[in-house]
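Report on the following structure.
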Amino acid sequence: MAHEAAFTSRRVLLDSAAEVGPATIYVDEAGRVARIEREYRPDGAALDAGDRLLMPGIVDGHVHINQPGRTQWEGVVTASHAAAAGGVTTIIDMPLNCIPSTVTVDAYSQKRESFKDGMWVDVGTWGGVVPGNAADLVPMLEAGARGFKCFLCDSGVAEFPPVNEDQLRAAMAELKKKRGLLLFHAEMDTGAAADAASDPTEYSTFLHSRPPIMEVTAIDLVVKLCREFAPHVPCHIVHLSAADALPAIRAAKAEGLPLTVETCFHYLTINAEDVPPRSTEYKCCPPIRSESNRARLWEAVLDGTIDIVVSDHSPCTPDLKLHPCCGGALSAGAVEGDFVKAWGGIASVGIGLPLLWTEGQKRGLRLQDVVRLICERTAAHSGLAGRKGRIAVGHDADFVVWGPEEENQITVDKLHFRNKLTPYQERVCTGLVQQTVVRGAVVYDAAKIGHDDGDWESGFSRRPRGRWIGAE
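Listed below in structure tokens is the structure:
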């Protein structure tokens, strides 16, 4: 028998349909699960988790790595370190904010080459739909893009312009040939704007400029196009914020349309009423809304209307946030802490597990639901259901070991993404990651924090173990 490494715990959760119980997972030399025994067998184990929970590694399908081109915002090394420290074993990069945007095969290849030596977790990428690139979509799918993202409003970067209805139809006609997945940033301009007489350092000023009708209008168009191209072009709504759109989403799903929906950790854990003045680390588009809106999003998560939860990690440098911590020069007309002019995006890759678990427990969320929302379904959404998201024979041996009962204060030393500005600093949560395993290799071990030797550098394996997820 070929060499097998054993990973064991008294508490193992294999998938969302299983119960927590003892198990030993045997991993082959290729980093895949070879067999599973429902017994705790610590003797000779490569990793003995003891009483901590061992479950599938997290798949985060919405991460802005920004490499190449804007690595001062983020980069693959720091993003994958942050992912690994939070039990995330696979991240799927978004096609914008890098230069060039991932809208051609050449740009896809540049990104893959840029990432090759810096992945501590497995990494794939979405392609993008922009005006005029419909002919590039099938070649990008064949190269390994997981699907495609488009904007129905200004993306914020000139390299990734929005598309109109006619351009979407042209793109979807191409995607139909390969059943390619299309992701929508579902906001449309409805004429709303910030009140010039209102204080831009108050969050409410920005919030009123992005009303729910922007999402509702866009999602109505998404449903219309999804119906027109069903069942050949599955459609996905990224970062749903407005609960007012839920009736249309529920109706589309009841109709049997191939429509899926995600929301983000920040929409489920923060409400608008609690955002302090000048705290632009809370700004994102679509915006964080009211407490009553948040409650309705949670209802949709628990009843299955919302399929998955992701980070939408979208960092930038503090100066672009116009944040009081920055101290740099301000752009014309801007003031320190200006929510209207600050760059929008929440930095959060690798800290979603304790955030979701802490808030979800109050609402009846089970550990099985956690696996369903951030492991199984996120893997399926990215086209990885046969490899990721569950602990099963033949799947990649991607695990997270964590203590669901252990206190976790999110301090700056635990933030491994490049720019540490996040609304979650100092938040106290329940749930602490101890080890992360990618295809049978331990890439993060909290017990190694502070170590700097041949194998470990302050919690991380010295050698990157991640791989590019390309064409199958």
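Letter 121 of the sequence shown, counting from 1, is numbered 121 in full-length UniProt numbering, and no numbers are missing.
Note that beta-carbon positions come from the ideal geometry of N, C-alpha and C, so glycine has one too.
This one's a predicted model, so the numbers in the text were calculated from it and none came from an experiment.
Whether residue i touches residue j by CB criterion (8 Å)
| i | j | result |
| --- | --- | --- |
| residue 73 | residue 419 | yes |
| residue 219 | residue 243 | no |
| residue 101 | residue 148 | no |
| residue 12 | residue 23 | yes |
| residue 310 | residue 376 | no |
| residue 466 | residue 438 | yes |
| residue 277 | residue 210 | no |
| residue 350 | residue 158 | no |
| residue 433 | residue 61 | no |
| residue 80 | residue 44 | no |
| residue 357 | residue 52 | no |
| residue 153 | residue 163 | no |
| residue 238 | residue 268 | no |
| residue 9 | residue 46 | no |
| residue 205 | residue 339 | yes |
| residue 295 | residue 207 | no |
| residue 424 | residue 355 | yes |
| residue 305 | residue 365 | no |
| residue 170 | residue 145 | no |
Own chain partners of residue i with C-beta closer than 6 Å, once the 5 adjacent residues on each side are dropped
| i | result |
| --- | --- |
| residue 342 | 280, 283, 321 and 322 |
| residue 140 | 105, 108 and 127 |
| residue 307 | 260, 261 and 377 |
| residue 165 | none |
| residue 469 | 122 and 124 |
| residue 78 | 417 and 418 |
| residue 189 | 153 |
Where the beta strand (DSSP E) through residue i begins and ends
| i | result |
| --- | --- |
| residue 55 | 53-56 |
| residue 27 | 21-27 |
| residue 45 | Unbroken run through residue 45: none, as it is neither H nor E. |
Endpoints, alpha helix (DSSP H) assigned at residue i
| i | result |
| --- | --- |
| residue 235 | That residue, residue 235, is in no alpha helix (DSSP H); its beta strand (DSSP E) goes 235-237. |
| residue 340 | Neither: residue 340 is in no alpha helix (DSSP H) and is coded neither H nor E. |
| residue 108 | 105-115 |
| residue 369 | 367-371 |
| residue 361 | 352-361 |
| residue 80 | 76-85 |
Proximal residues to residue i (C-beta, below 7 Å), its chain only, five neighbours per side dropped
| i | result |
| --- | --- |
| residue 33 | 25, 27, 391, 392, 393, 394, 395 and 397 |
| residue 371 | 13, 15, 16, 55 and 56 |
| residue 258 | 226, 230, 231, 234 and 235 |
Buried versus exposed, by CB contacts within 10 Å (16 or more), residue i
| i | result |
| --- | --- |
| residue 411 | exposed |
| residue 312 | buried |
| residue 64 | buried |
| residue 409 | exposed |
| residue 3 | exposed |
| residue 215 | buried |
| residue 335 | exposed |
| residue 344 | buried |
| residue 122 | buried |
| residue 231 | exposed |
| residue 93 | buried |
Closer than 8 Å to chain D by CB, residue i
| i | result |
| --- | --- |
| residue 366 | Among the protein chains of the structure shown there is no chain D, as only one such chain exists. |
Own chain partners of residue i with C-beta closer than 8 Å, once the 5 adjacent residues on each side are dropped
| i | result |
| --- | --- |
| residue 248 | 216, 219, 220 and 223 |
| residue 458 | 448, 449, 450, 451 and 452 |
Cβ-heavy atom distance, residue i to the ligand PLP, below 7 Å
| i | result |
| --- | --- |
| residue 124 | Among the components modelled here there is no ligand, and therefore nothing to report on the ligand PLP. |
Item to complete: Any chance you could list the alpha helix (DSSP H) runs of at least 4 consecutive residues sitting entirely within the stretch 250-322, in chain order?
Response: At a cut-off of 4 residues, the continuous stretches assigned as alpha helix (DSSP H) that sit fully inside the stretch 250-322 are 265-269 and 291-303.
Worksheet entry | Inside the stretch 120-181 only - alpha helix (DSSP H) runs reaching at least 4 residues | Qualifying alpha helix (DSSP H) stretches, in chain order: 137-143 and 165-175.
Worksheet item: Curious, which full-length alpha helix (DSSP H) runs of at least 4 residues does the stretch 188-249 contain?
Response: Segments of the alpha helix (DSSP H) lying fully in the stretch 188-249: 203-209 and 212-229.
Practice prompt. Could you tell me which uninterrupted beta strand (DSSP E) segments, each at least 3 residues in length, are contained entirely in the stretch 410-440, listed from first to last along the chain?
Written response: Entirely contained in the stretch 410-440, the beta strand (DSSP E) runs reaching 3 residues are, in chain order, 428-438.
Fill in: Unbroken stretches of the alpha helix (DSSP H), 4 residues or longer, contained in the stretch 368-399
Counting whole runs of 4 or more residues, the stretch 368-399 contains the alpha helix (DSSP H) stretches 377-381.
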